[in-house]
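To start, the structure under review is shown below, and the notes come after it.
In full-length UniProt numbering, the protein residues as written are 1 to 811.
Laid out in structure tokens, this is it:
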């Protein structure tokens, strides 16, 4: 065995096929050790084999060993693997998550811990309810002392090992927080309950304050093994130190820590990557073993990951390598728009599937949940099944369903399902009893809940009437508004955005609500609704036609108020049509259990997973790396940009065979078109590993159709400034939407080369009385049905009806 000592009591198969670094880690002596386990390097195998080796060689018994993981899934996998390696039942061993082991610990010492023997554990919902009761009992204003924020503050203090008396009281707000924390503790103690953070803190305090118990466990657990050590917070590290004892103590345990500082991506949850270097220093670790041989990915993928993460300054350092060869180059795609990016992604995924790659082995990763909507739409339109891993499809997310419920009530106040969903969300003091009275009144009269509000008296009736007025006011304020304006006004008046600002991770939900505006804008463009869009010829005598221009509105602009539904012929408002569209997308193409489906997920959700083909989308400055990270430094000194780079490293190393990277010049996010430059992370990757499948380094416009770029430069007179950044007031033109994102009636489609009856051609410079000089990007339709998309520089690209617009050619 490569010069390693033999172990007669160990079955040869146990150590077979371990590489030299893995073997060295498994057979380390009983002393503190740090294993730097790179992505795909077999760390789970090393952990389980180390446990089996310690037991098989008689260095420790099953009761003298503890293994700590972060998830129940990881703990179960470890127990399952050990069951195949060892000739006896391992389910009684101390193997589990931090919280699971602390629960077991407190159950054994409930009396000393000052807990009832049958103490109960509060989940997150129960904890929030308990804090709400405390705030109410203290007669505090919930708008000033928001229950969710107080809950996070208490949990954060516990994770730092702090009780109420440990917190600062420098002002009234801080003193009130201490008062809430203390009252919450008193209430939990009276009721005999603990929350998750309390499990950890009380276990730590029990070890700290009772030397006899601490020494008992230090003598008992001679070996402590910890997985994902880079994700430990301060309290978890202190707890481990209490169990392991000081490095030179009489009963010091062998603390075997396995982790990867390059994959530490949970600082927002309190993880402190610095615990790894602290452990190495404080325990004077002699054995730091690096597992760098990767069994997952090809060389080009690993070379890119190595080059990227080398730009982080605070790391212990390692370099992944493989014997599998370089593999295919990493494909990098520069899209003109997020719609073009999604179409490219769809085409590539379809090609992979036709080539034999299962859809479930294709993963699409994005930095923000809000990015999924455009990708979902492309997959949906193509009939490709997909699954959102670790989350919900866009139109199924709770915040989106709340927003859609408000929109449905604007369109139809008698929608009882939508009424019940948001009548008390955000909370407005309408409890279950009030709703029950309203439902009784509605059943008695045979009317809708909205129509029955007046039948409920007292305080309940007053609050219900307030909600009814909110819906009435919204309907009035949005009368005649565009779809975008309707949604924006609804979000403001409903209080949804304000509510989610009080959530610990509410920013994602707010971004999704803002993305609903983008979804509406895309729908308007696709279906031909709204200002600046002409989809049918003007006919004021026919129902559902384009309305006449509003006073003061240019003659060249018409507004579509109504359009017939393509299937039923029903005349729908843009709002009604959009709600129908949302319902269809929420219900169709949902992958069934076991169905082969493309996997969509955030990069955070992808950690620990691997796929044959991975797409990393939205690689633009401000998106990935996220704009919030560029100036952020955590309370523990963690650099936001370095964490974003670690996140990108995690994303890259999810790919086994093929990796695709993409970015877009323009992107609709949060209801606005944004113009982007590519992510700095792309510049940090080795050119030899990349294959650019669209032109790069040609300034803004690389990846655009040449005719579009050249025509725009001629028409705008700004050709010398394109991409050069010499005009701070200049905004680049929006990219034309791809054909799949903006279908037009068949009768209106025609080649740009054909005669449109107006003597115009694609790429021609024209003059408009209102918008000035512009360039024709697209021509569609003939005669009275002809329309053109014209880019007017600072006015942007506009669709114009050629029978209405007076465009003068510029030669």
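We put the beta carbon where it would ideally sit given N, CA and C, even for glycine.
Pick helix, strand or coil for residue 601, following the three-state DSSP scheme. strand
Tell me the rounded alpha-carbon separation between residue 314 and residue 68. 26 Å
Please name the residue in 64, 372, 249 and 14 whose C-alpha comes closest to that of residue 518. 372
Close Cβ partners of residue 397 (< 8 Å) along its chain, the five nearest in sequence each way excluded: 369, 391, 509 and 512
Please confirm whether residue 364 and residue 600 have their CB atoms less than 8 Å apart. yes
Answer with buried or exposed for residue 666, where buried requires no fewer than 16 other C-beta atoms within 10 angstroms of its C-beta. buried
Identity of the residues DSSP links to residue 420 by a beta bridge: Partner(s): none; residue 420 has no beta bridge.
Counting only runs of 4+ residues fully inside the segment 247-309, write out the alpha helix (DSSP H) ranges in chain order. 274-282 and 299-309
Could you name the residues of the same chain whose beta carbon sits closer than 8 Å to that of residue 344, not counting the 5 residues immediately before and after it, in chain order? 333, 335 and 662
Can you name, in chain order, every residue of its own chain whose Cβ lies under 7 Å from the Cβ of residue 91, other than the five neighbours on each side? 79
Considering only the beta carbon of each residue, do residue 146 and residue 502 sit closer than 8 Å? yes
Buried or exposed: residue 791, going by 16 or more other Cβ atoms within 10 Å of its Cβ? buried
Classify residue 517 as helix, strand or coil using the three-state DSSP reduction. helix
List the residues that DSSP assigns as beta-bridge partners of residue 778. 789
Tell me whether residue 693 sits in a helix, a strand or coil according to DSSP, three-state version. coil
If we count the other Cβ atoms within 10 Å of its Cβ and call it buried at 16 or more, is residue 768 buried or exposed? buried
Are the beta-carbon atoms belonging to residue 615 and residue 649 less than 8 Å from one another? no
May I ask you to report which of helix, strand or coil DSSP gives residue 454? helix
Quick check on DSSP: helix, strand or coil for residue 798? strand
Is it the case that the segment 352-359 contacts the segment 304-322, given that we only count it when at least three CB pairs across the two stretches are under 8 Å? no
Which of helix, strand or coil DSSP assigns to residue 213: helix
What distance in whole Å lies between the Cβ atoms of residue 691 and residue 326, which are believed to be in contact at a cut-off of 8 Å? About 12 Å separates the two Cβ atoms, so there is no contact after all.
Of the choices 611, 287, 254 and 467, whose alpha-carbon is the least far from that of residue 653? 611
Would you mind sorting residue 812 into buried or exposed? The rule is 16 or more other CB atoms within 10 Å of its CB. Since the first residue shown for the chain is 1 and the last is 811, residue 812 is missing from the structure and cannot be characterised.
Below 8 Å, can you find three or more Cβ-Cβ pairs linking the segment 450-461 to the segment 406-421? yes
From this set, 457, 485, 577 and 388, which residue's C-alpha is nearest residue 598's C-alpha? 388
Look at the alpha carbon of residue 55 and the alpha carbon of residue 38, and state the distance between them as a whole number of angstroms. 26 Å
Do you know how far the Cα of residue 122 is from the Cα of residue 186? 15 Å
Taking the alpha carbon of residue 57 as the point to measure from, which residue in 73, 490, 27 and 158 has its own alpha carbon closest? 27
Residues bridged to residue 78 by DSSP? BP columns for residue 78 are empty, so no partner.
For residue 22 and residue 320, what's the separation of their Cα atoms in angstroms? 14 Å
Taking the straight line between their C-alpha atoms, what separation do you get for residue 66 and residue 340? 52 Å
Pick from 70, 800, 99 and 460 that is closest to residue 226, judged by C-alpha positions: 70
Roughly how many whole angstroms lie between the Cα atoms of residue 484 and residue 476? 16 Å
Identify whether residue 753 lies in helix, strand or coil by the three-state DSSP scheme. Unreliable positioning characterises residue 753 in this predicted model, as indicated by a pLDDT of 36, which lies under 50. The coordinate reading is nonetheless provided below. Coil at residue 753, not helix or strand.
Using beta-carbon positions only, say whether residue 254 and residue 222 come within less than 8 Å of one another. yes
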